[in-house]
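Presented below is the structure to which this report refers.
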Amino acid sequence: MSEFEDKVLRIVKKIPPGKTMSYKQVAEKAGSPKAWRAVGSCLKKNNNPAIPCHRVIKSDGSPGGYNKGRKLKIKKLKQEGAQIKEL
DNA sequence: CGTATGACGTGCA
DNA sequence: GTGCACGCCATAC
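Each residue of the first sequence is one higher than the one before, counting from 2 in the working numbering.
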């Protein structure tokens, strides 16, 4: 696993319930403020159950995508109380 | 090693 | 406000 992936997964894993972080924010904390592209690519390949990747959304507040289905992602976010544009 | 793609973001019409 | 195009990093082939 690359260092970047480890950082990203680590940060996403640290996202508290009811909160959401944009890919850019995660990339920034990962050490590469311009690697949000890789963040999504990395998460989609590392859909680890310990990683609440559904809490990672786009900067505009949209849920973006999800390996298990965007709908499920939205559902989980709403269930946790996360504010997204699907409300 | 080089090319193509992606769960994106920003800019412009 | 919406739609299209370009740019970016990392991964896969």
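We put the CB at the ideal spot given by N, CA and C, even for glycine.
Along the chain, where does the alpha helix (DSSP H) that runs through G41 open and close? Position 40 of the first sequence holds residue 41. 37–46 is the span of the alpha helix (DSSP H), which, as asked, contains G41.
For G41 versus V57, is the C-beta distance shorter than 9 Å? As a first step, residue 41 is located in the first sequence; it is residue number 40 there, counting from the start. As a first step, residue 57 is located in the first sequence; it is residue number 56 there, counting from the start. Against a cut-off of 9 Å, the Cβ pair of V57 and G41 comes out as a contact.
Residue closest to K59, alpha-carbon to alpha-carbon, out of A51, Q26, K8: Reading the first sequence from its first residue, position 58 is the one you call residue 59. Residue Q26 is the option with its Cα nearest to K59.
Less than 9 Å between the beta carbons of L1 and N68, yes or no? In this structure the chain extends from 2 to 88, so residue 1 is not present and cannot be described.
What do you get for P17, buried or exposed, if any count of 16 or more other CB atoms within 10 angstroms of its CB means buried? Taking the first residue of the first sequence as position 1, residue 17 is located at position 16. P17 should be labelled exposed.
Along the chain, where does the alpha helix (DSSP H) containing Y67 start, and where does it finish? By 1-based counting over the first sequence, the position of residue 67 is 66. No alpha helix (DSSP H) contains Y67, which DSSP labels as neither H nor E.
Measuring straight from C-alpha to C-alpha, what distance separates V13 and I52? Sequence index remark: in the first sequence, residue 13 carries index 12 (1-based). Sequence index remark: in the first sequence, residue 52 carries index 51 (1-based). Taking the straight line from one Cα to the other gives about 6 Å.
Proximal residues to E4 (C-beta, below 8 Å), its chain only, five neighbours per side dropped: Looking up residue 4 in the first sequence gives position 3. Here the set comprises nothing.
For G65 and K77, what's the separation of their Cα atoms in angstroms? In the first sequence, the residue the question calls residue 65 occupies position 64. In the first sequence, the residue the question calls residue 77 occupies position 76. G65 and K77: Cα-Cα distance of roughly 13 Å.
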